[in-house]
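Shown next, in structure tokens, is the structure this report addresses.
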Amino acid sequence: MTAAIHPARSARLSMHDYHRRTKHHLDGYAKGPDTLDWDDQPDPFRDYGQHPCVQLPLTESGVRFANLAAGRPVPSAPLGRDSLGALLSCALAISSWKQQGAARWPVRCNPSSGNLHPTEAYLALPDRAELPAGLYHYRPQDHQLGRRCRYPAALADALFGELPRDGFLLGLSSVPWREAWKYGERAWRYCQLDLGHALGSIRYAAALLGWRVTGLAHLADAEVAALLGLDRTAEFEADEPEYPELLCLVSPVDTPPAAAYVLPQDLAIRLKALSWYGKANRLSTRHHYRWPLIDEAVRSAEKPRTALIIDPATPLPAPTPYRCDLPAPILIRRRRSAQAYDGGAALDKDDFFRLLDHALPRPGLPPWAERPARASLHLVLFVHRVAGLPKGVYVLPRRPDIASELQIAMRDAFQWQPVPECPDHLPLFHLVGADARRSAARLACQQAIAGDGAFSLAMLSEFERGLAIGPWGYRTLMREAGLLGQALYLGAEACDLQGTGIGCFFDDALHDLFGLQDQRYQVLYQFTVGKAVHDGRIRQQRPYPQLVD
Ligand SMILES: Cc1cc2nc3c(=O)[nH]c(=O)nc-3n(C[C@H](O)[C@H](O)[C@H](O)COP(=O)(O)O)c2cc1C
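The end of the sequence shown is residue 585 by the numbering used here, with every number in the run present.
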């Protein structure tokens, strides 16, 4: 069974088209596999085969999550095997193994649509004891760094010489096939959302070490591909491409912020001259279905090198801290997506405000960048059970200046009543009173979790504006949605609740409900928060029993 190959198109696919073609509708889902070939499920772990691997330790930190999320300073750790072990064990590592009957599967610190994990991570490191300068691939399966290539001194100097003390580069990529196997054409959206979650997860873990993570969003994808060795196509299976997404600079917060970083001009040539270790493993054997629309979308959204322009977020007062004493690593590893919610449990109003407050971008507070761009996504909330708030639909414009524009775009009947008792800087408005549980669940592809949580929400993007920078703006918007989702996941845990990202929803049915009639605003992601009902049949086991923490 092979999906029809689309005739070659002369014009590039626009992101408007990709987005439109991958919408779920009440009367039909976006194109995906008719049946799932479970024996062909892609390997969630990249393995480059025989290459030198360095075991990372599992190290702990006693920093409380509430302090981390509120931006309390943490002394910067020196770069080395221990600190990298700590970073990755809270960012991208396996956080637990789950077992039900004979089935056993790992879950990680970062969530992923369908637990399929399309995101891969690479570190370009300067010379450190036990870690010679070079490019390393992170292996969550055994919490190791596998070396892909070693940098000669001159190249290490060209890459790291201008960086702050202990600075290094961290690259992220996506393997869309892992998601497409299950979700077909819509899967590339999930890769982008997952990438935002992974970046957010890395930012929280880095903050624990007193490090900042700056996305080098001005670089071209081709430059990132060269650095990460992803342009070495002969070392990858042709039908399982891995694409560059983002290169980040990681540096101690007590060093000056880096000026715009540029990669050496002749980098690709210098890297080609090196010996590289290993070859990417095959992830699936059969590939019954193919989804050329995704390759087309990737090609069309490829990013060239651009100027570094940031329209900065409005300054805000510090967020109201979470009332949670848990050390951050414990909270991060305990984060889980709830599969079912207690439809009777309510959320405290102050915790609701705290969660929303932490969803606003503030400089240097994880998961946001040190100089976050102004928010491009706004929240439309279905409040089911928040003690002290009437049930109904609310909106939180994540920057105040967009409120009147949103008001004009949305349904006339909405009331736009400011919510009393809400912190002044949190522009939350009540749109309409309603019991929206059934609608919320129906619009989230009939998933009860959207109606049984205390609240659920839709992330409404400034879609046209986001795409005005170029087609890669689609990736930027999706990434912001993933970052926001990560803040909500960890915030929910800090309120002793759970969250679940919802990638499956009926796009235009939601737009109709909100009265949105054109593409200026589009929902990119949904989320739900509440009291989880745990499945007693599932047992949890330690992530790396072979490693002592
Ligand atoms: C982008 C994204 C979309 C998701 N969509 C859904 C969804 O529609 N329904 C659902 O039940 N879970 C959804 N999830 C939750 C994943 O299934 C969950 O993250 C995964 O099973 C791993 O479990 P964990 O989050 O507990 O680590 C989504 C997660 C992400 C990151």
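Glycine is no exception: its CB is placed at the ideal position from the N, C-alpha and C atoms.
This structure is a prediction, so every number in the text was calculated from the model and none was measured.
For residue i, the three-state DSSP class (helix, strand or coil)
| i | result |
| --- | --- |
| R45 | Confidence in R45 is poor, its pLDDT being 43 and thus under 50, which makes the residue's placement too unreliable to answer from. |
| S634 | Limits of the chain in this structure are 37 at one end and 585 at the other, which puts residue 634 out of reach. |
| W74 | helix |
| A39 | Per-residue confidence for A39 stands at a pLDDT of 33, beneath the threshold of 50, marking its modelled position as unreliable; no derived number is given. |
| L231 | helix |
| R575 | strand |
| A568 | strand |
| F81 | coil |
Test item: CB-CB of residue i and residue j under 8 Å
| i | j | result |
| --- | --- | --- |
| G68 | Y219 | yes |
| C481 | F541 | yes |
| L344 | E529 | no |
| L283 | L263 | yes |
| Y172 | Y187 | no |
| P433 | P463 | yes |
| T58 | R326 | no |
| H233 | Q522 | yes |
| A381 | A490 | yes |
| L417 | L496 | no |
| A243 | K339 | no |
| R239 | H87 | no |
| Y557 | A476 | no |
| Y561 | G527 | no |
| A241 | L123 | yes |
| Q135 | Q577 | yes |
| Q443 | H466 | no |
| L396 | L329 | no |
| M514 | L229 | yes |
In DSSP terms, what residue i is bridged to
| i | result |
| --- | --- |
| I130 | R144 |
| T250 | L285 |
| V422 | L383 |
| G150 | Bridge partners of G150: none, in fact. |
| A558 | Correcting the residue identity first, residue 558 is Gln in this sequence and not Ala. S497, per the DSSP bridge assignment. |
| H173 | Y158, G182 |
| P280 | S209 |
| G64 | H61 |
| A599 | The structure shown has nothing for residue 599, since the chain only spans 37 to 585. |
| V90 | L181 |
| W312 | C185 |
| R204 | For the record, residue 204 in the displayed sequence is Phe; it is not Arg. Paired residues: V286. |
| R100 | P363 |
Neighbourhood of residue i by C-beta, 7 Å cutoff - its chain only, sequence neighbours within 5 removed
| i | result |
| --- | --- |
| Y297 | L252, L285 |
| R214 | P78, P80, L152, H153, P154, L319 |
| P111 | G246 |
| E162 | Before going further, note that residue 162 is Pro rather than Glu in the sequence given. Excluding residues within five positions, the ones whose Cβ falls inside 7 Å are A169, A192, F196, F204. |
Close-in-space but distant-in-sequence residues of the same chain around residue i (CB under 8 Å, 5 per side omitted)
| i | result |
| --- | --- |
| P363 | E96, S97, G98, V99, R100, F101 |
| V249 | L206, L235, I238, R239, A242, C284, L285, V286, A405 |
Neighbourhood of residue i by C-beta distance below 6 Å, restricted to the same chain and skipping five residues each side
| i | result |
| --- | --- |
| Q91 | Q180 |
| V569 | A376, D378 |
| R48 | S336 |
| H323 | D275 |
| A261 | D267, P280 |
| L310 | C185 |
Whole runs of the beta strand (DSSP E) within the region 473 to 547, excluding any shorter than 3 residues: 491 to 498, 534 to 538
Any beta strand (DSSP E) of 3 or more consecutive residues that is wholly inside the region 339 to 420: 413 to 419
Which whole runs of the beta strand (DSSP E) in the region 448 to 476 are 3 residues long or more, in chain order? 465 to 469
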